[in-house]
Amino acid sequence: MRKLLAATGLALTPLMASQAYALSLNVTATADYWNASPSGEIQGVSGDDPVDVKDELGLSSEGVGNLSIQFDHFIPVVPNLRITQTNMEFSGSRDESFTFRDQEFTGNTSSEIDLSHTDFTAYYRFLDGLTSLVPLVSLRLEAGLTVRVFDGGFEVTGEVDDGAGSTESETESVSLSAPVPMGYVGGIVSLPMGVSAGARMNYIGYSGNSLSDVDAFVNYEYRGLPLVTPGVTAGYRTFSLELDDLDDTYGDLTFKGPHFGAYIRAGF
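And the structure:
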């Protein structure tokens, strides 16, 4: 009988652990710094030659601030929510000649790419806290929908021929301010001693246009305080954008690099 009870208790341990985690209610706030390096090309209109964002626009690595707040709860039919604000601005200058949106710039140009956005991610958790095959290791899977609201665009200001043997300053710009729905998947493996590792991906592709955002990370948190858990995080993020006749704009851009930050979770 004792062996039977012990075996039954061992078999129910994963379920109990999962249920205990599922009854959690907490809020997590995160501040993160991303050292993002740009690469790729952009065309203002289909007739332009591609313009390299590093060699011709002079863009280089920039520090990108990232703030997020996450709400997790125990109500099965209601999705959890994560809101993330990313201030993603890149600027540069070059003495180069190129064409952007049918405007021929002859030198001394300054350029800006602003892909700042706010994410609203509604997601469900699966296998939440389940420990079965490997002792002391738990798994959390997430799937849902992200609405990414862009507020930015592309802008080039520089010298152009005024037709009278001299030059004047002109600005050409493309606005990018729209909500974009994206599929979301993620997963976190929690290890002993407060260590966890995971990855998250948002993606959409349609009519030759695509947007993907992949982040792989490692966390360490201190779990010795009641109701409050502080932690630090580090990882590598890759943001890729492909435009194919989106408002007569074309491009293939990638921003990638390491990131690090801190977070605090309150709740139970």
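Those letters in the sequence shown? Residues -22 to -1, 1 to 246, per mature numbering (1 follows the signal peptide of the UniProt record, and there is no 0), in order.
Ideal placement from N, C-alpha and C gives every residue a C-beta, glycine not left out.
Computed from a predicted model, the values in this text were never measured in an experiment.
If you count every other CB in all the chains shown that lies within 10 Å of the CB of S168, and 16 or more means buried, which is it?
-> Taking the first residue of the sequence shown as position 1, residue 168 is located at position 190. It is buried - the Cβ of S168 has at least 16 other Cβ atoms within 10 Å.
Residues near T124 by beta carbon distance below 6 Å, same chain, minus five either side = In the sequence shown, the residue the question calls residue 124 occupies position 146. Closer than 6 Å at Cβ, skipping near neighbours: D97, T99, M160, Y162, N180.
Count the other C-beta atoms from every protein chain shown that fall within 10 angstroms of the C-beta of V134, then say buried if there are 16 or more, exposed otherwise.
-> In the sequence shown, the residue the question calls residue 134 occupies position 156. Label assigned to V134: buried.
What residue range is occupied by the uninterrupted beta strand (DSSP E) comprising P236?
-> As a first step, residue 236 is located in the sequence shown; it is residue number 258 there, counting from the start. Residues 228 to 245.
Could you tell me which residues DSSP pairs with F49 in its beta bridges?
-> Taking the first residue of the sequence shown as 1, we reach residue 49 at position 71. BP columns for F49 point to V5, L59.
Label T149 either buried or exposed according to how many other C-beta atoms from any shown protein chain fall within 10 Å of its C-beta, with 16 as the threshold for buried.
-> By one-based count along the sequence shown, residue 149 stands at place 171. Flag for T149 reads exposed.
Report yes or no: do the stretch 45 to 62 and the stretch 27 to 35 share at least 3 C-beta pairs separated by less than 8 Å?
-> no
What does M216 pair with, by DSSP beta-bridge criteria?
-> The residue labelled residue 216 in the question sits at position 238 within the sequence shown. Rather than Met, the amino acid found at residue 216 in this sequence is Thr. T216 pairs with V192, K234.
Identified DSSP bridge partners for T124 | Residue 124 sits at position 146 when you count from the first residue of the sequence shown. Paired residues: T99, M160.
Kindly confirm or deny that the stretch 203 to 216 and the stretch 178 to 194 touch, where touching means at least three C-beta pairs closer than 8 Å.
-> Here the stretch 203 to 216 makes contact with the stretch 178 to 194; the two share three or more CB pairs at distances below 8 Å.
Three or more C-beta pairs closer than 8 Å, one from the stretch 11 to 18 and one from the stretch 35 to 49: is that the case here?
-> yes
Between the Cα of F104 and those of M171, L119, R201, F68, spot the shortest distance and give me the residue it belongs to.
-> As a working mapping, residue 104 is identified with position 126 in the sequence shown. Per the Cα distances, L119.
Between the C-alpha atoms of S147 and E137, what's the straight-line distance to the nearest angstrom?
-> As a position in the sequence shown, residue 147 is number 169, starting the count at 1. As a position in the sequence shown, residue 137 is number 159, starting the count at 1. About 5 Å.
Find the nearest neighbour of D226 within the set E19, V23, D139, judged by alpha-carbon distance.
-> Working through the sequence shown from its first residue, we reach residue 226 at position 248. Answer by Cα proximity: V23.
Close beta carbons around D73, own chain, < 6 Å, minus the five adjacent residues each side = The count along the sequence shown starts at 1 and reaches residue 73 at position 95. Same-chain partners within the cutoff: G85, N86.
According to DSSP, what are the bridge partners of G130?
-> Translated into the one-based positions of the sequence shown, residue 130 becomes position 152. Paired residue(s): L154.
Per-residue DSSP class, three states only, for M171 = Reading the sequence shown from its first residue, position 193 is the one you call residue 171. Reduced to three states, the DSSP call for M171 is helix.
Other residues of its chain near L231: CB distance less than 6 Å, five sequence neighbours each side excluded | The residue labelled residue 231 in the question sits at position 253 within the sequence shown. Correct list, in chain order: G18, L219.
Could you give the residue range of the beta strand (DSSP E) that holds D222?
-> For the purposes of this step, residue 222 is taken as residue 244 along the sequence shown, with counting starting at 1. Per DSSP, D222 belongs to no beta strand (DSSP E) and is neither H nor E.
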